[in-house]
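Just so we're aligned: the sequence shown equals residues 9 to 214 in my numbering.
The C-beta atom is built at its ideal place from N, Cα and C for all residues, glycine as well.
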Amino acid sequence: MIKKIVLILTVILIISLFAEEMSFTDIQTCYYKSYKYETSEKYSKAIDALKDVFTNFPNTYTVNYRLGWLYYLDGKYANALEHLESALLIYPSSLEVLNTINLLYVAREDWEEVEEQSAQILQIDYYNEYANYWYSYSLKMQQKYDLAIKVNRKMLTIFPTSVTYLQELAENLFLNDEKDESKQIFETIIILDPTNTTATTYLEKF
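Set out below in structure tokens:
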């Protein structure tokens, strides 16, 4: 009798476990809803849409990275960092995660952390566009103009007409009191991007 009861309870437990397991369609639906809410900037709802996925698969990369990104967009940086660090445990060299963590530091205007995080990414991917930009920007915000200029010049060897890096270089040169070259670069920017207000504003200072 006892054996029969144990067997019945075991079967019930197995059935309940399988009942809670999500199907491919269930997961697909959750992600579809999440992306739809993100598109309309309803970030809390986009997060809620993935709760069942996270409950069933708490230690997987994709859901943790996705939640980390959504919490970042929602301004909940502590929650974002928690999920992003969980994702890094699975793929420690994930550039998409490392760059997103960098955005958390940018949002907090913690320029020392941005510099450190960017340098870490550059050890993995020397020419990473996002990391080099934020590396340069963080150096500029800390008045480390000489090093920022070196970063800008490095990136312009592979993106010679990048308005982003030309603008960073011109600004850093201006702030470093290298006005002649700065002016020349801002004039180049106006040719490449005639409506660039930053270049126009700086050119009025010469």
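The stretch 145-152 and the stretch 164-175 do not touch, with fewer than 3 CB-CB distances between them shorter than 8 Å.
The stretch 109-123 makes contact with the stretch 75-91; the number of CB pairs closer than 8 Å reaches 3 or more.
Its Cα nearest to that of R161, the residue Y135 stands out among Q151, Y135 and D185. Check the Cα spacing between I98 and each of P66, I157, T37 and K53: the tightest is with P66. Taking S52 as reference, the option from N64, A88 and L155 with the minimal CA-CA separation is A88.
Selection M163, D154, S48 and F214 evaluated against Q192 yields F214 as nearest (Cα-Cα). For K44, the uninterrupted alpha helix (DSSP H) segment begins and ends at F32 to T47. By the CB criterion at 8 Å, Y143 and E121 fall outside the cutoff. In terms of Cα proximity to I55, the closest of P202, G83, A156 and M30 is G83. Around the beta carbon of Q151, a 10 Å sphere encloses fewer than 16 other beta carbons of the protein chains shown; the residue is thus reported as exposed. The beta carbon of T206 lies closer than 7 Å to those of Q175 in the same chain, with the five residues before and after it left out. In the structure shown, K84 falls within a coil segment according to DSSP collapsed to helix, strand and coil.
Looking only at A86, L96, E49 and S48, the smallest Cα-Cα distance to V71 is reached by L96. Residue range Y153 to L164 is occupied by the alpha helix (DSSP H) that includes A156.
L103 and T208 have their C-alpha atoms roughly 35 Å apart. Classified as buried, Q125 has 16 or more neighbouring CB atoms from the shown chains inside 10 Å of its CB.
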